[in-house]
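Order-wise, the sequence lines are chains C and U.
The first sequence runs contiguously to residue 214 in this note's numbering.
The second sequence runs contiguously to residue 1214 in this note's numbering.
Data block below; observations after.
There are 2 protein chains.
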Amino acid sequence: MNFYDAINWRYATKKMNGDAVPKEKLDNIFNAIQMAPTSIGLQPFSVIHVTDPELKEQIQPIAYGQSQIVDGSDILIFTAWDEITSERINDYVKLTGEIRDLGEEELQPVRNMAEGVASRSKEDQFNWSARQAYIALGFGLSAAAIEKVDATPMEGFKNEELDELFGLPEQGLKSIAILALGYRDEDNDWLAPMKKVRRPKEELFVKPEVPELV
Amino acid sequence: MNFYDAINWRYATKKMNGDAVPKEKLDNIFNAIQMAPTSIGLQPFSVIHVTDPELKEQIQPIAYGQSQIVDGSDILIFTAWDEITSERINDYVKLTGEIRDLGEEELQPVRNMAEGVASRSKEDQFNWSARQAYIALGFGLSAAAIEKVDATPMEGFKNEELDELFGLPEQGLKSIAILALGYRDEDNDWLAPMKKVRRPKEELFVKPEVPELV
């Protein structure tokens, strides 16, 4: 299926049928998430991959009982860095040096940029990280659609409870979104027959209004 | 080009050659941005589309002189809502009602969800909106790659100056990212020959660590 058909085909599936996503498709979706660009290239996030049925049952009440948590085969919990620590910067600079065969001096600009973000307030660092992770969420959603895998992005869960369940504070992470992957149960999904709602292009894409421009 | 080849082909082009992106390709990229899912479906953002050379020259110093601003043919400024106002909620609820032929009562759940976000602090509302816009940024980047159009996402600009240039405060918007669209000038782009740096999958995708799980 071509990309534009795929993103029209996808929707935020409310009822999944329990079928498992094949490993090959899952690998492709993971690949897209990994390849998503992020500011400075820092990829300030981790994705927790949950398949265990018991664990899904523990998550479900934290996500207000949403059925996709247990009926989706693969639950991805997107978590963002709570802080751009020196260790994380060092790891990234080291990785860049290894992959591109660069020395410390050549790596200084990228280090400086990362340190620039790290100099902001801790809350801003987290918000910045969360935004980057949402680009990757976008890539993951695109890939899922191309694979004809249903994907439901969710923000409706108690973040702190989920963080606690996974020991995220100790890892310097905070949950920001869940992506449930699986297959639609079309007959039992109230949203399946509904038309997509999108703001009109004229509203979403605006011409510049610059009074002072000649 | 298939999606996975496309996202490997793309990179944050540092030097563009001035060639114009054809309208058909641009329409496809806009389509992807429009179709990107957002929480509650609210699409709390607008994209300013700049093509005017004089205006690009005004933007360039605000973006620390980055050349893609003038060498890219189409500059998209992603802006997020500074607040989820009642008017914006009403517009969205009305649009949903029209497209799905639903009455006020059936629309109450979506209204409640939007009002839930609107009850957060103004800063949180903006941060939430910015995250949603970054999903659309991800979709736009994906589409550009599929169209073999180069796309450079940029956060390196003085947000407040750009907001002022476009009168964004009066429109309840704040700039969050720029996406320059155009074509790579491969011979003059230091980044073009560099290998992509990505954190390894084992680090990005983690197995759950749940001590209390049986």
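By construction, the Cβ of each residue, glycine as well, lies at the ideal position given by its N, Cα and C atoms.
The structure presented is a predicted model; accordingly, all values stated were derived computationally and were not measured.
Contact annotation: the stretch 1136-1154 of chain U touches the stretch 124-140 of chain C, with at least three C-beta pairs closer than 8 Å. Taking a C-beta distance under 9 Å as the contact criterion, residue 1114 of chain U and residue 1042 of chain U qualify as a contact pair. Residue contact with chain C for residue 1180 of chain U: absent (no Cβ-Cβ distance below 9 Å to any residue of chain C). With a threshold of 16 other beta carbon atoms within 10 Å, residue 39 of chain C meets it and is buried. Look at residue 1155 of chain U: its C-beta is under 9 Å from a C-beta on chain C.
Among the residues of the stretch 192-213 of chain C, those with a Cβ less than 9 Å away from any Cβ of chain U are 194, 195, 196, 197, 198, 199, 200, 201, 203, 204, 205, 206, 207, 208, 209, 210, 211, 212, 213, in the order of the chain. Proximity of the stretch 1149-1162 of chain U to the stretch 1172-1182 of chain U meets the contact definition, three or more beta-carbon pairs being nearer than 8 Å. Note that the C-beta distance between residue 1079 of chain U and residue 1045 of chain U is below 9 Å. At a beta-carbon threshold of 9 Å, the residues of chain C lying near residue 1143 of chain U are 3, 4, 7, 142, ordered along the chain. With respect to the C-alpha of residue 1077 of chain U, the residue from U:1166, U:1204, U:1202, U:1200 having the closest C-alpha is U:1166.
In this structure, residue 1184 of chain U lies near residue 1192 of chain U, with their beta-carbon atoms less than 9 Å apart. Close CB contacts of residue 1028 of chain U within its chain, under the 7 Å cut and outside five residues either way in sequence, are with 1143, 1147 (chain order).
Distance between residue 87 of chain C and residue 1098 of chain U, taken at the CA atoms: about 52 Å.
Residue 91 of chain C places its beta carbon 9 Å or farther from that of residue 169 of chain C.
With respect to the C-alpha of residue 35 of chain C, the residue from U:1145, U:1187, U:1207, U:1208 having the closest C-alpha is U:1145. Straight through space, the alpha carbons of residue 1032 of chain U and residue 1015 of chain U are spaced by roughly 24 Å. The DSSP-derived three-state label of residue 113 of chain C is helix. Using a Cβ-Cβ cut-off of 8 Å, residue 1043 of chain U is close to 198, 199, 204 of chain C, given in chain order. Ranked by Cα distance from residue 1009 of chain U, the first of U:1194, U:1172, U:1208 is U:1194. When the five nearest sequence neighbours on each side are left out, the beta carbons in the same chain lying within less than 6 Å of the beta carbon of residue 1186 of chain U are those of 1192, in order along the chain. Shown here, residue 1012 of chain U sits in coil according to DSSP, grouped into three states, outside any helix or strand.
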